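Structure record follows, encoded as structure tokens.
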Amino acid sequence: MSDDRETRIHPSAVVEDGAVLGAGVEIGPFCHVGPQAVLGDGVRLVSHVVVAGRTTVGPRTRIYPFASIGHPPQDLKFRGEDSTLTIGADCQIREGVTMNPGTAGGGLATVVGDACAFLANSHVGHDCRVGNHVVFSNNVMLAGHCQVGDYAILGGGAAVIQFARVGAHSFVGGLSGLENDLIPYGMAVGNRAHLSGLNIIGLQRRGFSREEIHALRKAYRLLFALEGTLMERVEDVAAEFDQHPIVQEILAFIREGGKRSVCTPREAPGPA
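Everything in the sequence shown is counted per the working numbering, starting at 10 for the first residue and increasing by one.
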């Protein structure tokens with residue numbers, strides 16, 4: 010009986026000299042692991058997986074056939090500079106997923122957090138920062154330099170423009186084209202995507218209380234009312250909800266700003 014901590018490499022797989030393999034790594038048929046790759050304890054490459062470049066894969070992450078992890082970024086300005094891709098622990102990376110390392114123009118690093126699920130043919134572009142417990146449904150396209158917060162869910166076929174921010178606990182509907190920053194706890198749908206309310210179902214599933222959700226609903230209606238400017242409404246909401254951390258999280262996201270404007274409703278918001 011084999012030891013669970015034993016590393017198993019299929020005879021058809023290629024593991025280049027220099028690659029670092031943790032305890033209990035399993036590398037299936039026809040995989041290729043490059044000389045600068047690091048696979049943490051218990052990582053499993055099912056079959057036909059390529060892990061290239063300066064890529065680190067966290068413990069117990071499982072990668073499925075035909076995933077391409079760590080090949081040079083799809084940026085025509087890339088000139089071969091040393092850059093990295095770091096993937097956290099306990100992720101599921103399904104068939105045909107592509108993830109690229111960083112570039113000189115974005116800090117030379119792409120980072121993916123823990124316990125994420127990337128379904129078939131989804132893409133993480135160069136210099137992105139993806140949080141923990143994030144879900145990409147099939148065919149999600151995340152362009153370069155994007156930020157995705159913890160527990161965000163992106164529906165099938167959604168596309169996110171470069172430099173956009175997707176807030177924590179938010180939801181992007183399937184086939185949506187997001188070209189603005191999506192607030193934490195928000196929901197965006199459509200092409201081009203607009204803010205359509207709060208991710209109430211996600212909040213309920215994650216155990217947020219009725220009181221917290223009620224406060225978010227009220228703050229949302231005030232933030233995206235028609236009177237005044239957005240920053241004026243931010244200050245009004247900040248004063249009224251100074252004891253509500255999750256409302257303050259949204260306000261901090263808006264105040265921080267980015268290279269994209271904030272995604273807003275198409276009309277005055279009704280019930281969030």
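The C-beta atom is built at its ideal place from N, Cα and C for all residues, glycine as well. This one's a predicted model, so the numbers in the text were calculated from it and none came from an experiment.
With burial defined as no fewer than 16 other Cβ atoms inside 10 Å of the residue's Cβ, what is the status of residue i: buried or exposed?
i, result
"E244", "exposed"
"S270", "exposed"
"M240", "exposed"
"I162", "buried"
"I210", "exposed"
"V29", "exposed"
"G237", "exposed"
"M10", "The predicted model places M10 with a pLDDT of 33, which falls under 50 and marks its position as unreliable, so this point remains unresolved."
"L151", "buried"
"L191", "buried"
"G115", "buried"
"P82", "buried"
"L128", "buried"
"P110", "buried"
"R174", "buried"
Kindly identify the DSSP beta-bridge partner or partners of residue i.
i, result
"A126", "Q101 and V144"
"F180", "I162 and M196"
"L204", "A197"
"Q156", "R138 and R174"
"V52", "None; V52 has no bridge partner."
"E35", "R17 and R53"
"I72", "L54 and I102"
"M108", "I78 and V133"
"M150", "H132 and A168"
"L94", "T64 and T119"
With C-beta atoms as the reference, is residue i less than 9 Å away from residue j?
i, j, result
"T95", "G67", "yes"
"A32", "R69", "no"
"T112", "E90", "yes"
"S77", "V106", "yes"
"S179", "N141", "no"
"A234", "H253", "no"
"I263", "Y194", "no"
"A61", "G37", "no"
"L212", "T273", "no"
"G49", "V34", "yes"
"H154", "K268", "yes"
"G158", "G182", "no"
Relative to the C-alpha of residue i, which candidate in the options has its C-alpha closest?
i, options, result
"G165", "V157, A152 and L184", "L184"
"R201", "R242, G186 and I192", "G186"
"D136", "V181, G176 and G79", "G79"
"R53", "Q45, P44, C40 and R63", "C40"
"P74", "H223, T64, F127 and H57", "H57"
"T64", "D50, Q83, A46 and V169", "A46"
"A126", "D84, E220, V139 and A168", "V139"
"Q101", "P82, E221, V143 and P110", "V143"
"R275", "A261, G267, R214 and G199", "G199"
"V256", "R242, S21 and Y229", "Y229"
"R71", "G206, A261, E104 and R226", "E104"
Output yes if chain D places a C-beta closer than 9 Å to the C-beta of residue i; else output no.
i, result
"H203", "Going by chain labels, chain D is absent from the structure shown, which holds only one protein chain."
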